[in-house]
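**Student:** Before anything else, here's the structure in question.
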Amino acid sequence: MTSYYEASARERLADLLDPGSFHEFLPATERVVSPHLVQLETPAAFDDGVIVGRGTLDGRPVLAAAQEGGFMGGAVGEVHGAKLVGLLERARDEKPAAVLLLVESGGVRLHEANAGLIGVSEIMRAVLALRSAGVPVLVLDGGQFGCFGGMGIVARLCDAIVMSEEGRLGLSGPEVIETTCGVEEFDSRDRALVWRTVGGKHRYLLGEADALVADNIAAFRKAAISLLDTKPDLSIEALTTEHEKLGARLEKFGSCHDALDIWSALGIEAPEGLPLLEADSFVAKVAGRRA
Amino acid sequence: MEKLTFEFLGGAPVNATRAPALVGVVGSGNLEILIEPEKLGGRCAVEILTAARGFGATWEAVLDDFFARHKLADVRISINDVGATPAVVSLRLDQAVENFLGGAQ
Amino acid sequence: MDARTLLEKLFPNGSEVAFDGLYFAGTGESSNGKVAVIGSIDAAPIGVELAFRMAGEVLRIVREYPARPDLPARPILLLVDTQGQRLSRRDELLGINGYMAHLAKCLQLARNKGHKIVGLVYSEAVSGGFLASSLLADRCYALPESQVRVMNLPAMSRITKIPLERLEELSKSSPVFAPGVGNYLKMGAVNALWEGDLSQRLAEALDVPPEGDSRRQWGEERDGRRLARGVAERVRHAAG
């Protein structure tokens, strides 16, 4: 069993898709690197930290992208963003069974902040246009750097999210909040606090993650296959339902100070024990209790 | 940042149809290595972009050892480095060659 | 420029806009007909409540003012003044990124239903707050005195460990990382700066026919973002 958390973006893609099926677009040999990093005397990567291509999953054609957290925390720069946008637009042309986004990103790359921010907004527009055209976009989140910043918004624009407990999903990372607002607002070194605030289990309980899986690539693969037939729905009915759910969340949990308060309010007994459970027993224990 | 280039002669040419190989990640203490077949008149060309300045002699020593192990010719090796130790560099170079020569023709 | 003055200039024929805290919404009379207005004031931090409220207003507009045989779907003007996303553990706990994504989906629904969406940065637009609002418009415009950024250079220097002097020097020739509405104009995110008669600029913007996301192209034409369009095209059409 290969750990999703420990694997590189390339290893994740190779093991997630059908064996040998992955074909990369603009591979390293094309050397489409960031000129902005070089200008700031910072080494660039030949793939700019994101691998995009096509393959099959359970025999069905998919397009897939994987961000490499090891390179600049998976942050989005001009080239990185454009590769994702190009892949999403290609999916509008080709209509694959789904697009898989193996996210791992701290958000916008500061060395090219304006290009990164605009790039993320283009990814957002492209995801929404693609879903409007009927192609589902599935997110996998279980890497070491989590999924934050603009990519955290992108993830929640998609059709479904698969997370491991180790995966994290949010907007402002704990370090950013601690640096700006002080350690009393968010102690980023309190690992337990970080994981129960932005980790996979909390996201699953809130209904944001559709599947919570163990930290291995095979489990992510199985969950992704089970979500392949998801039908994108951006109708007014669907968004009205989402609006009501988000409104109910503010009403019910808006005054909660900690994830434990929310888990209690969901009617889960001994919520302090949840972080210790393996994925399977966790999913079984919280069945019927998710928001 | 520093750019270094090295050349080695006297290796055995590899088949030009071999698929390129890429190993490693451009992260702190790590590096990525891309090996490609290229008609270079029997040379093995190495180009390094490294975040750490002033280690040219160390790189040369590591690459001399590498070339002694793997006598390649008509090969281009491109490296993006963020301060990997010589031990890590050697390990990655060996991995890259293994993937390159073990991969599809 | 404060929001009330701005509304008077945009809608000399009148507007009915209700202000509530940092949020405002209502309707303005343009020469092209009624325009729905949604916005914020005082460099509002965009937190879960504000994003939720804006999304609700978009849904209401889509429900109540759809396209009719004699009248197009009511256009939406975003006038969001924001210092960025609200930074708090509570917002993260409640899934602030999901609230922003919800707002983005509601705007896409409006777009799909034929509502034109125009963004105007009239004071400040920063990072996540910009991402969740004006950057989602069909076209984003800005007033020349407005401020647009991800992060100021001293903070950027601390985090990237690149000397401030180097960043300052490079920002004179590169629009790619430094704050400034001119940089966003050059990179194609801001379509144009609005000067002169603002009601006229709005009328012109409302006359632009719907188009896809052309910002990469503008960025390339203006020599601000040289790679994005070409790289995306190559991935889209790569063999295989």
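If you read the sequences in order, they're chains A, B and C.
Position in the first sequence (from 1) plus 62 gives the number in this note's numbering.
Position in the second sequence (from 1) plus 21 gives the number in this note's numbering.
Position in the third sequence (from 1) plus 174 gives the number in this note's numbering.
In this text, a Cβ means the ideal position worked out from N, Cα and C, and glycines have one as well.
Would you decide whether A/S297 is buried or exposed? Buried here means 16 or more other CB atoms lie within 10 Å of its CB.
**Tutor:** Exposed, because fewer than 16 other Cβ atoms sit within 10 Å of the Cβ of A/S297.
**Student:** Name, please, each residue of chain A whose Cβ falls closer than 9 Å to the Cβ of B/P41.
**Tutor:** Those within 9 Å of B/P41 in chain A are P89, A90, T91.
**Student:** Alpha carbon to alpha carbon, how far is A/C318 from A/G111?
**Tutor:** Near 37 Å, if we compare the C-alpha coordinates of A/G111 and A/C318.
**Student:** Could you tell me which chain B residues have their CB closer than 8 Å to the CB of A/G132, listed as they occur along the chain?
**Tutor:** Neighbours of A/G132 on chain B, chain order: V46, V47, G48, N51.
**Student:** At a CB-CB cut-off below 7 Å, which residues of chain B make contact with A/E103?
**Tutor:** Under the 7 Å cutoff, chain B gives M22.
**Student:** Could you give the distance in angstroms between the alpha-carbon of C/E385 and the alpha-carbon of C/D312?
**Tutor:** Distance between the alpha carbons of C/E385 and C/D312: 8 Å.
**Student:** Pick helix, strand or coil for A/E299, following the three-state DSSP scheme.
**Tutor:** Of the three classes helix, strand and coil, the one that applies to A/E299 here is helix, per DSSP.
**Student:** Going by alpha carbons, who is nearest to C/C314 out of C/A199, C/G272, C/L376?
**Tutor:** For the residues C/A199, C/G272, C/L376, the minimum Cα distance to C/C314 belongs to C/L376.
**Student:** Have a look at A/G117 and A/S226 and give me their C-alpha separation to the nearest angstrom.
**Tutor:** Straight-line Cα distance between these residues: approximately 23 Å.
**Student:** I want to see whether chain A comes within less than 7 Å of B/A108, judged by CB atoms only; does it?
**Tutor:** Chain A, which has no Cβ nearer than 7 Å to the Cβ of B/A108, makes this no.
**Student:** Can you give me, in chain order, the residues of the segment 279–303 of chain C that have a beta carbon less than 9 Å from any beta carbon in chain A?
**Tutor:** So the close ones are K279, C280, L281, Q282, L283, R285, N286, K287, S301, G302.
**Student:** List the residues that DSSP assigns as beta-bridge partners of B/K127.
**Tutor:** Nothing can be reported for residue 127 of chain B, as the shown portion of chain B is limited to 22 through 126.
**Student:** Can you name the start and end residues of the beta strand (DSSP E) that A/A273 belongs to?
**Tutor:** That run of the beta strand (DSSP E) goes 273–275.
**Student:** Give the straight-line distance between the Cα atoms of C/Y358 and C/V364, rounded to the nearest whole angstrom.
**Tutor:** Distance between the alpha carbons of C/Y358 and C/V364: 6 Å.
**Student:** Can you give me the Cβ contacts of B/Q126 inside the same chain, cut-off strictly under 7 Å, excluding the 5 residues immediately before and after it?
**Tutor:** Low per-residue confidence applies at B/Q126: pLDDT is 47, beneath 50, and the placement is therefore not dependable, though the value from the model is reported in the following sentence. Taken in chain order, the residues that qualify are N36, T38, R39.
**Student:** Can you tell me whether A/M63 is buried or exposed, with buried defined as 16 or more other CB within 10 angstroms of its CB?
**Tutor:** Exposed, by the Cβ-count rule.
**Student:** Is A/V112 close to chain C, meaning its C-beta is less than 7 Å from at least one C-beta of that chain?
**Tutor:** Not one chain C Cβ lies under 7 Å of A/V112.
**Student:** B/N101 touches chain A at which residues, Cβ-Cβ below 8 Å?
**Tutor:** Within 8 Å Cβ-Cβ: P105, A106, A107, F108.
**Student:** Can you check whether the C-beta of A/G135 is within less than 7 Å of a C-beta belonging to chain C?
**Tutor:** For A/G135, the answer is no, since every Cβ of chain C falls outside 7 Å of its Cβ.
**Student:** Apart from the five residues on each side of it in sequence, which residues of its chain come closer than 7 Å, Cβ to Cβ, to C/V389?
**Tutor:** In the sequence on display, residue 389 of chain C carries Arg and not Val. The residues are G362, A363.
**Student:** Which bits of chain A does C/M325 rub up against, with CB to CB less than 7 Å?
**Tutor:** Chain A residues near C/M325: L172, A175.
**Student:** Quick one: Cα of A/G235 to Cα of C/R227, how far?
**Tutor:** Computed Cα separation, rounded: 24 Å.
**Student:** If the criterion is Cβ atoms closer than 7 Å, does the pair A/A144 and C/V405 meet it?
**Tutor:** Yes.
**Student:** Can you look up A/G361 in the DSSP assignment and give me helix, strand or coil?
**Tutor:** With chain A running from 63 to 353 in the structure shown, residue 361 of chain A is simply not present.
**Student:** How many Å lie between A/G350 and A/V245 at the Cα?
**Tutor:** Whole-angstrom Cα-Cα distance: 35 Å.
**Student:** Among C/M175, C/D176, C/S205, which has the Cα closest to the Cα of C/G188?
**Tutor:** Closest option to C/G188, Cα to Cα, is C/S205.
**Student:** So, is B/N51 buried or exposed, given that buried needs 16 or more other C-beta atoms within 10 angstroms?
**Tutor:** Buried is the call here.
**Student:** Apart from the five residues just before and just after C/A379, which ones in its own chain have a Cβ nearer than 7 Å to its Cβ?
**Tutor:** These residues qualify, in order along the chain: V292, R313, Y315.
**Student:** What are the start and end residues of the alpha helix (DSSP H) that includes C/M175?
**Tutor:** That residue, C/M175, is in no alpha helix (DSSP H); it is neither H nor E in DSSP.
**Student:** Between A/R72 and A/A341, what straight-line distance do the alpha-carbon atoms span, to the nearest angstrom?
**Tutor:** Using only the alpha carbons, I get a separation of about 25 Å.
**Student:** Report, in whole angstroms, the separation of the C-beta atoms of B/A94 and B/A33, which I expect to be a contact under 8 Å.
**Tutor:** About 6 Å separates the two Cβ atoms, so the contact holds.
**Student:** Going by Cα to Cα distance, which pick from B/D115, B/A73, B/A78, B/G48 is closest to A/F108?
**Tutor:** With distances taken between Cα atoms, A/F108 lies closest to B/G48.
**Student:** Could you give the first and the last residue of the continuous beta strand (DSSP E) run that contains A/V161?
**Tutor:** From DSSP, the beta strand (DSSP E) with A/V161 extends over 160–164.
**Student:** Just list the alpha helix (DSSP H) runs in the segment 256–335 of chain C, keeping only unbroken ones of 4 residues or longer that don't cross its boundaries, in chain order.
**Tutor:** With a minimum length of 4 residues, the continuous alpha helix (DSSP H) runs that stay inside the segment 256–335 of chain C are 263–267, 270–286, 301–305, 327–334.
**Student:** Is the distance from the Cβ of A/E92 to the Cβ of A/I113 below 7 Å?
**Tutor:** No.
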